[in-house]
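As given, the protein sequences belong to chains G and F, one line each in that order. The first sequence runs 540 to 654 under the numbering used here. The second sequence runs 10 to 118 under the numbering used here. Ideal Cβ positions, reconstructed from N, Cα and C, are used throughout, including at glycine. One structure is given below, encoded as structure tokens.
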Amino acid sequence: GAGVSQSPSNKVTEKGKDVELRCDPISGHTALYWYRQSLGQGLEFLIYFQGNSAPDKSGLPSDRFSAERTGGSVSTLTIQRTQQEDSAVYLCASSLTRQANEKLFFGSGTQLSVL
Amino acid sequence: KNEVEQSPQNLTAQEGEFITINCSYSVGISALHWLQQHPGGGIVSLFMLSSGKKKHGRLIATINIQEKHSSLHITASHPRDSAVYICAAKETSGSRLTFGEGTQLTVNP
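This is the structure in structure tokens:
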């Protein structure tokens with residue numbers, strides 16, 4: 540596709556339910572990042588995938604959060620037993636490589652609301 | 010103290026003014042990104058730089074590695090420049106980006 544695609548754009552769920560958020564990076568991009576932006580707060584790193592290397596999960600806030608990247612392309616971020624504090628915009632970004640000065644391309648995000 | 014700090018948090022300017030947004034960081038970095046977040050929420054990467062200066066149209070980004078400081082300048086500002094500008098430091102260890110809190114810029118006609 541032309542850009543990074545995220546789905547759904549909006550998700551409303553009940554506390555305690557599991558949710559899956561999807562990210563389709565730009566074709567050929569080997570690096571994929573997940574970030575979170577809570578209301579009134581800045582962006583927060585969650586997890587990073589680079590090719591076939593083990594992901595950097597150091598930003599995941601709890602073990603309820605997990606992410607996969609299948610076939611080096613599409614990624615899903617799963618939040619189990621959602622809590623109200625999980626409400627945020629979840630952003631995905633990709634870049635061609637993991638080089639430090641590689642340009643990042645962001646998706647439009649998934650607005651998650653946990654009631 | 011945040012590892013990446015921006016100033017000012019809010020900035021209101023008149024069309025045509027020269028604008029400067031500052032970013033200071035305390036971690037060792039391999040690169041620094043400037044991002045623009047539009048009112049609708051979309052984020053665009055403006056610059057990534059590891060030394061010196063970059064220019065794109067009316068936007069200029071500079072970085073001083075020794076002083077751990079970067080600036081984003083907008084010349085001849087325009088209302089369409091109104092957005093949140095975020096700096097993000099890519100640490101030399103690992104892959105994470107550490108973000109500043111953002112600067113809300115409003116340019117009035």
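Taking the CA atoms as reference points, serine 605 (chain G) sits about 7 Å from isoleucine 618 (chain G). Contact residues of the region 640-652 of chain G toward chain F are Asn640, Glu641, Lys642, Leu643, Phe644, Phe645, Gly646, Ser647, Gly648 and Gln650 (C-beta to C-beta distance below 9 Å).
Exposure of proline 48 (chain F) is indicated by the presence of fewer than 16 other C-beta atoms within 10 angstroms of its C-beta. As summarised for the region 45-89 of chain F, the continuous beta strand (DSSP E) elements at least 3 residues long and confined to that stretch are 52-58, 61-65, 68-73 and 78-83, given in chain order. The alpha-carbon of glutamine 15 (chain F) is positioned some 16 Å away from that of isoleucine 74 (chain F). Shown here for cysteine 32 (chain F): same chain residues with a beta carbon closer than 6 Å to its own, the five before and five after excluded, namely Gln15, Ser79, Cys96 and Gly109 in chain order. Within the DSSP bridge table, the entry for glutamine 589 (chain G) names G:Ala570 as partners. Its Cα nearest to that of glycine 61 (chain F), the residue F:Leu81 stands out among F:Gln45, F:Gly51 and F:Leu81. For the set G:Ser577, G:Ile586 and G:Gly581, the Cα lying nearest the Cα of cysteine 562 (chain G) is the one of G:Ile586. Assignment of glutamate 24 (chain F) by DSSP, reduced to helix, strand and coil, places it in the coil class. Pairwise C-beta distances place the region 17-29 of chain F out of contact with the region 39-46 of chain F, as fewer than three of them are shorter than 8 Å.
Contact annotation, leucine 635 (chain G) with glycine 555 (chain G): C-beta distance approximately 39 Å; criterion of less than 8 Å not satisfied.
Among the residues facing chain F, aspartate 595 (chain G) is included, as its CB has a counterpart in that chain under 8 Å away. In chain G, no part has a C-beta under 7 Å from the C-beta of glutamate 12 (chain F); the shortest such distance is about 11 Å. With contacts defined by Cβ atoms closer than 8 Å, valine 543 (chain G) and glycine 646 (chain G) form a contacting pair. Between threonine 112 (chain F) and leucine 44 (chain F), the C-beta spacing is not below 8 Å. In the structure shown, threonine 636 (chain G) adopts coil according to DSSP, grouped into three states. For glutamate 100 (chain F), the three-state secondary structure derived from DSSP is strand.
When G:Ser633, G:Ser601 and G:Thr621 are compared, the shortest CA-CA separation from glutamine 545 (chain G) is found for G:Ser633.
Ranked by how close their Cα comes to the Cα of threonine 115 (chain F), the residues F:Lys99, F:Glu76, F:Ser91 and F:Thr107 have F:Ser91 in first place.
From the beta-carbon of phenylalanine 604 (chain G), no residue of chain F is found nearer than 8 Å; the closest lies around 15 Å away. With a 10 Å radius around the Cβ and a threshold of 16 neighbouring Cβ atoms, glycine 579 (chain G) comes out exposed.
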